[in-house]
Amino acid sequence: MNIIEIKNLTRDYGKGKGIFNVSFGVKEGEVFGFLGPNGAGKTTTIRHLMGFIKNKSGECYINRKDCWYDRANIQETLGYIPGEISYFDDMTGTEFLKFVTKYKGIKDTERQKELLERFELDPNVKIKKMSKGMKQKIGIVSAFMHNPQILILDEPTGGLDPLMQNRFIELIAEEKAKGSTILLSSHIFEEVERTCDRIGIIKNGRMVTVDSVETLRERHMHTYNVALNTKEEAESFAKDFGGVANGLNVTVASKQSLENIFMHYYGGDNND
Amino acid sequence: MINGSLYLKEMKKSVTMLLIFGGILLMYVSIIIGMYDPEMMAALESFYGIMPELMASVGMTSGATTLIGFMVSYLYGFILIIFPMLFCILRGNGLIAKYTDNGSMAVLIAAPVKRKSVVLTQLAVLLSGVIILVTYITCLELAVSAVKFRGELAVGELLNLNLALLFLQLFIAGICFFFSCLFSETKYSIAFGAGVPAFMYVLQMLANVGKKTEAAKYFTFFTLFDAEGIAANQASAFNKSFILLAGAIVLYMAGTTFFCKKDICL
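Heads up: the sequence lines are chains A and B, in that order.
Sequential numbering of the first sequence, starting at 1, is according to our numbering.
Sequential numbering of the second sequence, starting at 1001, is according to our numbering.
Right, dumping it as C-alpha cells:
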C-alpha cells in the first residue's frame, strides 16, 4: 500500500516554474529518495504534502487522507524537517523543544533525551545564537521526538558535519527497521545511496525517473568484452578489474556511482 | 479551539510591551488628569481661542468644564487612541504575518493543530492585550481621579466611555489582524495594518479642523467613536460603538477564513 501518493500534481507558477504532472508513491516502510537540482520543485511538492499549499490540479494523499483537507489529522503521525529552518529566535533550544512538546501534546520525552544525546546537542542556547548545524539538530530532534510513522525530510543534513551526517544515516536506517515510511529530499549522494530503496528524480518540475537504486545502476551500467592473449593474463585482468573471465575473454562492467547517474539526469537539457 | 501552550508563549511576549505601554499611559493619564484645574482650563481655553483648528485636530475641543468632559477632550482624542492602537499594530503583525514571513509558522502548522486553532489562539492573544490595556486605563483613571479630585468623576459615564474605547480598539485590532492573516510578508502586513488606521486618523484630524473639510468624517471609522456623545449618554453614540464591535467581529471572521484557506509557502 502506498502511504504517500501523489497523482498528476501540477502547480504552475508561470515562466516554466512550478511542478507539472508529478506522480509517484511511497510504499509503507520504504525510504524514498527525492532528488533534483535547486529549483526543480522538490520543496513545492513537499509543501503540498504538508498541506501548506492547496493542490490546484492533481491529488495528493498521505495514509489515504487528503493532504489539504485532512492536514491536521495527517500531522499526528508525521515528522517534518523543513528545508529552511526558522524557529522562534528569542527562545533557547530547551524552551523551544519544551514548547513544541506541549504544543503538539507529546507525552513521552524519552526519545527526545535520547536524540539530544545521540547528536551531542546542548540545546540550552538562544536559537538566534545557534550555528546552522545546531539549528538543524534541533530540527531533527523535533521531527523524530514523537516517534512518527511517516517522515518528510527536506534536505535534513544541511549544515551537519560528516560525523553527524553519519549518525543521521544510522538514524534513518533504524527508523526504516522500525517500519517508518520516509520521504527524503537530498543532495548528498552517499546518504541516498546508503538509505534509500527507491529514488525519484525531478527536473524542471517534471519527474524524470522513479526507480530502485539497483535498477538505476543497472540501466547505466556498461559492459565490455576484452580479449587477452593468454589465459593467465585473462585471469589476472579479471581479478584486477573485477570482471568475469571466460577463456581468453573477460567481461568487465563499469559500476557507475550514483553520483554519475544523477549527473546524467541533472546535466544539460539534451538529457531530458 | 485554542491552544493553551501557544497562548501562554505569546502572552509572555505581550507582557513586555504591555508594561512599556502601561508606563507611558501612567505618566500621561496622571499628568493630564492632574492638569484639570480651573486656572489651567482658562489657559487651555485661551489656546483654543488662538488656534482652534490645531487644538480641534487632535480632538481637543472647547467647553470641557466637568472632569469627564475634560478627559474626553484631552485624553480620548489622542493619547488613549494612539497608544492602544500602536499595541494592536505591533502585536497584530507580530502574531501572524511575522511568523509566516520568517518561516517559523512552519512549527505551528506542521503539527496536529488545526490552522483555525492557531489563528484563533493568536487572535485571543491580541484581544487579551487590548482588553488588559483598556481595563488598566479604566483603573488608572479611577485611581488618579479618586486621589486628586475625589467625587468629581462621573463613574458610570467613564465606564461607558471606556467600553466604547474598547470597541474602537477591538475594531483597530481587527484591521491589524485581518491584514496580518491576509499577507504573507511583514512589509505588506505593516503597510496596511498600520497604514489604514493611521490614514483614517489623519482623516479624522482633517474632519475636526473645520467646516470645509468636515466631509472627511464620512471616510473614517473614527467618526464611529463619539466620545462626547457617550459621555452625554446619547443613544446614537452607543449605536455607533456597536457598529464598531460588529465590524470587528466581521474582520476577525474574514481574517480567520483567509488564513485557513491561503497557501503558506514555507
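Even for Gly, the Cβ is constructed at its ideal location relative to N, Cα and C.
Report, in whole angstroms, the separation of the C-beta atoms of residue i and residue j, which I expect to be a contact under 8 Å.
i, j, result
"B/LEU1161", "B/ALA1227", "6 Å"
"B/TYR1252", "B/PHE1177", "6 Å"
"A/THR92", "A/ASN55", "A/THR92 to A/ASN55, Cβ: 38 Å. No contact."
"A/LEU115", "A/MET145", "6 Å"
"A/ASP197", "A/GLU30", "5 Å"
"A/PRO82", "A/TYR266", "In fact, because the Cβ distance is near 23 Å, the residues do not count as touching under 8 Å."
"A/VAL132", "A/ASP89", "The question names Val, but residue 132 of chain A is Lys in the sequence shown. At roughly 14 Å, the Cβ-Cβ gap does not stay under 8 Å, so A/LYS132 and A/ASP89 are not in contact."
"A/GLY18", "A/THR44", "7 Å"
"A/ALA253", "B/PRO1112", "With a Cβ gap of about 49 Å, A/ALA253 and B/PRO1112 do not count as contacting."
"A/PRO148", "A/GLY79", "4 Å"
Using a Cβ-Cβ distance under 9 Å, would residue i count as near chain A?
i, result
"B/ASN1003", "yes"
"B/ARG1091", "no"
"B/GLY1103", "yes"
"B/CYS1265", "yes"
"B/LEU1267", "As displayed, chain B neither begins before 1001 nor continues past 1266, which places residue 1267 of chain B out of reach and without an answer."
"B/ILE1109", "yes"
"B/LYS1187", "no"
"B/LEU1182", "no"
"B/VAL1113", "yes"
"B/ALA1106", "yes"
"B/LEU966", "Nothing in the structure corresponds to residue 966 of chain B, since chain B is present only between 1001 and 1266."
"B/LYS1009", "yes"
"B/LYS1261", "yes"
"B/LYS1013", "yes"
How about residue i and residue j: do their beta carbons lie closer than 9 Å?
i, j, result
"A/ASN249", "A/ASN225", "yes"
"B/ILE1079", "B/LEU1159", "no"
"B/LEU1006", "B/LEU1166", "no"
"B/LEU1120", "B/ILE1002", "yes"
"B/ASP1263", "B/SER1189", "no"
"B/ILE1033", "B/GLU1185", "no"
"A/ILE199", "A/GLY33", "yes"
"B/LEU1133", "B/LEU1018", "yes"
"A/TYR69", "A/ILE4", "no"
"B/VAL1149", "B/LEU1244", "A small correction: the amino acid at residue 1149 of chain B is Phe; Val does not occupy that position in the sequence shown. Their beta carbons are not under 9 Å apart, which means B/PHE1149 does not touch B/LEU1244 by this criterion."
"B/GLU1152", "B/LEU1095", "no"
"A/SER23", "A/GLY58", "yes"
"B/VAL1118", "B/PHE1259", "yes"
"B/GLY1103", "B/LEU1224", "no"
Determine whether the Cβ of residue i lies closer than 9 Å to any Cβ atom of chain B.
i, result
"A/ASN73", "yes"
"A/TYR61", "no"
"A/VAL208", "no"
"A/VAL100", "yes"
"A/LYS27", "no"
"A/SER86", "yes"
"A/LYS104", "yes"
"A/LYS54", "yes"
"A/TYR80", "yes"
"A/SER131", "no"
"A/MET145", "no"
"A/MET134", "no"
"A/ARG111", "no"
"A/MET1", "no"
Quick one: Cα of residue i to Cα of residue j, how far?
i, j, result
"A/ILE201", "A/ASN63", "23 Å"
"A/LEU183", "A/ASN8", "18 Å"
"A/MET1", "A/GLU28", "6 Å"
"B/TYR1028", "B/ILE1068", "16 Å"
"A/PHE119", "B/ILE1137", "51 Å"
"B/ILE1020", "B/LEU1123", "21 Å"
"B/ALA1106", "A/ASP66", "19 Å"
"B/PHE1047", "B/SER1073", "13 Å"
"A/LYS98", "B/PRO1052", "58 Å"
"A/ASN270", "A/HIS187", "Because the pLDDT of A/ASN270 is 44, which lies under 50, any placement of that residue in the model is unreliable, and the question is left without a value."
"A/SER257", "A/ARG217", "8 Å"
"B/ASN1206", "B/VAL1196", "Asn is not the amino acid found at residue 1206 of chain B; the sequence shown has Leu there. Using only the alpha carbons, I get a separation of about 15 Å."
"A/GLU95", "A/TYR103", "12 Å"
"B/ASN1208", "B/ALA1216", "9 Å"
"B/THR1257", "B/ILE1081", "28 Å"
"B/GLY1023", "B/ALA1246", "31 Å"
"B/GLY1156", "B/SER1145", "14 Å"
"A/PHE262", "A/HIS220", "11 Å"
"A/ALA234", "A/HIS222", "19 Å"
"B/GLY1004", "A/GLN75", "19 Å"
"B/TYR1076", "A/LYS107", "49 Å"
Within the present structure, is the beta-carbon of residue i separated from the nearest heavy atom of the ligand ADP by less than 8 Å?
i, result
"B/ASP1101", "By its list of ligands, the structure shown contains no ligand whatsoever, and the ligand ADP lies outside what it can speak to."
Checklist entry - Any contact of the stretch 192–202 of chain A with the stretch 140–150 of chain A, i.e. 3+ C-beta pairs under 8 Å? => result No, because fewer than three Cβ pairs between the stretch 192–202 of chain A and the stretch 140–150 of chain A fall closer than 8 Å, the two stretches do not touch.
Next on the checklist: Is it the case that the stretch 150–166 of chain A contacts the stretch 44–54 of chain A, given that we only count it when at least three CB pairs across the two stretches are under 8 Å?
Outcome noted: Yes, since at least three Cβ pairs between the stretch 44–54 of chain A and the stretch 150–166 of chain A fall closer than 8 Å, the two stretches touch.
Next on the checklist: Quick test of the definition: if touching needs 3 or more C-beta pairs under 8 Å, does the stretch 1082–1098 of chain B touch the stretch 1127–1134 of chain B?
Outcome noted: Remark: three or more beta-carbon pairs, one from each stretch, lie closer than 8 Å, so the stretch 1082–1098 of chain B and the stretch 1127–1134 of chain B are flagged as touching.
Next on the checklist: Closer than 8 Å is the cut-off here; do at least three beta carbon pairs connect the stretch 154–172 of chain A with the stretch 4–23 of chain A?
Outcome noted: In short, these stretches do not touch, since the Cβ pair count stays below three.
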